[in-house]
Amino acid sequence: MTHTTIPAYAAPSPAAPLERITVPRRSPGEHDVLIEIKYSGICHSDIHTARGEWGERAFPVVPGHEIAGVVTAVGSGVTRHTVGDRVGVGCFVDSCRTCENCLAGLQQYCTGELGMVGTYAATGRDGELTYGGYSTHIVVDENYVLRIPDGIPLDAAAPLLCAGITVYSPLAHWQAGPGKKVAVVGLGGLGHLGVKIARAMGAEVTVLSQSLRKKDDGLRLGAEHYHATSDPATFEALAGTFDLIINTVSADLDLDAYLGLLRSGGTLVQLGAPEKPLPVSPFALITHRRSFAGSMIGGIPETQEMLDFCAEHGLAADIELIRADQINEAYERVLASDVRYRFVIDAATI
Ligand code: NAP
Ligand code: ZN
Ligand code: ZN
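Residue numbering for the sequence shown follows our numbering, starting at 733 and increasing by one per position.
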């Protein structure tokens, strides 16, 4: 297999800041597309991975799974995309394609031997390490590449590829819509898109944030109510209120307190992925037939559905565009909950 070498930003080890390196990309095969990356979002998962919080990975790690760009070459067998197409790549670039979940379009839950091949820090079917979107080009099998509708600017589209689908999938699955009260916990990258999408689906949306610092933004994004979780009165006032709670918080939370905000039969969906296990009291669940559930990104068909939904409703991420040499600073700001509401790297600066 032939390769070209491209520039990228990588974490050389869990303790080190990201730096510019070069990485190999395979030349496009028969079913591959070559994408010139224009923009790459910074997801909190990039930080968890780059800092080794999710277990051992092969370093260097080139993060980035919110990729938006333009197709610049296609293999001879490619039918889904052509040169010049505006496209996106999310959290995975391959899967077994034959297991029950892959056949159902739920590639993120692939149970085959290959499993879901992450866009970075994973091993592909060719045995090679994958490198993500903090780079100038990527080569991906056409079946794992999404179309970005014309109405969405590429920079604001990038975060939809992970943050957008991660909130869209549970909102759709648990039927957020007219007559449903939905709470979004944490107003960060995932959370701000959760508010926009839940509102567009017709639900009555409440933001539960650590403070009232971002209240104006939350209401502008589409929430009807906004409460500070640092105030114990919030948990008394809202007890038994919600049909669905989407927890996007990247840190440990007192889940029992949030389960208490569900109506009988309601569901708390865990999206945030902190390092350590989270305790849940059986009584918080059994006394009101409540569910505690999880959800991970979304499959290829649903990701395309989400992009089309966002175009139809005029939705995209609120972003702060940065240069590649600002990535380390951006990581610190994400960790300080100081992101409004997604950092996106201008790949031209790599
Ligand atoms: P983010 O932009 O950093 O947003 C997380 C938000 O959580 C913050 O803005 C903050 O909101 C709140 N928060 C942070 N620390 C907190 C603390 N100590 N206590 C209470 N609230 C706190 O991160 P993100 O990119 O949205 O990702 C969020 C989490 O989802 C991460 O763990 C990430 O790895 C995970 N994730 C999961 C999936 C999946 O498929 N399930 C996909 C993508 C990401 P306020 O300031 O409003 O309180
Ligand atoms: Zn992500
Ligand atoms: Zn599979």
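All residues carry an ideal CB built from backbone N, CA and C; glycine is no exception. All values reported here derive from a predicted model rather than from experimental measurement.
CB contact flag (residue i, residue j, <9 Å)
i: S1023; j: T898; result: no
i: V871; j: I767; result: yes
i: G896; j: L925; result: yes
i: L1047; j: I929; result: yes
i: G850; j: T868; result: no
i: I978; j: L878; result: no
i: V755; j: I774; result: no
i: H780; j: E1064; result: no
i: A960; j: S982; result: no
i: L922; j: L1003; result: yes
i: G822; j: I1029; result: yes
i: T980; j: V917; result: yes
i: G784; j: A836; result: no
i: A800; j: L893; result: yes
i: T973; j: Y958; result: no
i: A955; j: L991; result: no
Buried or exposed by the 16-neighbour rule on C-beta atoms within 10 Å, applied to residue i
i: L940; result: buried
i: P1010; result: At residue 1010 the sequence reads Leu, which differs from the Pro that was named. By the neighbour-count rule (16 or more Cβ atoms within 10 Å), L1010 is not buried but exposed.
i: I1018; result: exposed
i: S962; result: exposed
i: P964; result: exposed
i: L953; result: buried
i: N1060; result: exposed
i: A854; result: buried
i: G997; result: exposed
i: S759; result: exposed
i: L750; result: buried
i: R1055; result: exposed
i: T727; result: There is simply no residue 727 to check, as the chain begins at 733 and stops at 1082 in what is shown.
i: D778; result: buried
i: A1062; result: buried
i: A1068; result: exposed
Spatial distance of residue i from residue j (CA atoms)
i: L951; j: A935; result: 14 Å
i: D975; j: S901; result: 16 Å
i: A1043; j: D887; result: 14 Å
i: Q1058; j: R1021; result: 47 Å
i: Y1073; j: D1050; result: 5 Å
i: K913; j: T734; result: 53 Å
i: L993; j: V793; result: 39 Å
i: P795; j: Q942; result: 28 Å
i: S827; j: A969; result: 45 Å
i: M848; j: Y876; result: 11 Å
i: T830; j: V1071; result: 39 Å
i: A932; j: Q1036; result: 17 Å
i: P910; j: I880; result: 27 Å
i: D986; j: A1025; result: 15 Å
i: W786; j: D984; result: 15 Å
i: A971; j: A904; result: 24 Å
i: Y841; j: C834; result: 8 Å
i: R757; j: E798; result: 18 Å
i: W906; j: P1014; result: 22 Å
i: G1101; j: P885; result: Here the chain comprises residues numbered 733 to 1082, so residue 1101 is not present and cannot be evaluated.
i: R995; j: L944; result: 24 Å
Neighbourhood of residue i by C-beta, 7 Å cutoff - its chain only, sequence neighbours within 5 removed
i: G809; result: E762 and H763
i: F791; result: A743, P744 and S745
i: A1079; result: I769, K770, Y771, S772 and T868
i: L838; result: G1031
Spatial neighbours of residue i in its chain, beta-carbon cut-off 6 Å, leaving aside the 5 residues before and after
i: V1076; result: Y771, G773, D887, A890, I1051 and L1053
i: R812; result: E874
i: K946; result: L919
i: G807; result: P760, G761, E762, H763 and D764
i: A989; result: F967
i: I1082; result: P739, T868 and A1056
i: A915; result: T938, L940, F974 and I977
i: V1012; result: L987 and F1024
Beta-carbon proximity list for residue i, same chain, < 8 Å, skipping 5 on both sides
i: G816; result: V802 and V803
i: R857; result: D826, L846 and V849
i: E832; result: T843
i: R789; result: T781 and A853
i: V927; result: V916, L919, V937, V939, G950, L953, G954 and A955
i: T814; result: V803 and V806
Sequence-ordered residues whose beta carbon comes within less than 5 Å of a heavy atom of ligand 3
S827, C828, C831, C834, C842 and G844
With distances taken from each beta carbon to the nearest heavy atom of ligand 2, which residues come in below 5 Å, in chain order?
C775, S777 and C894
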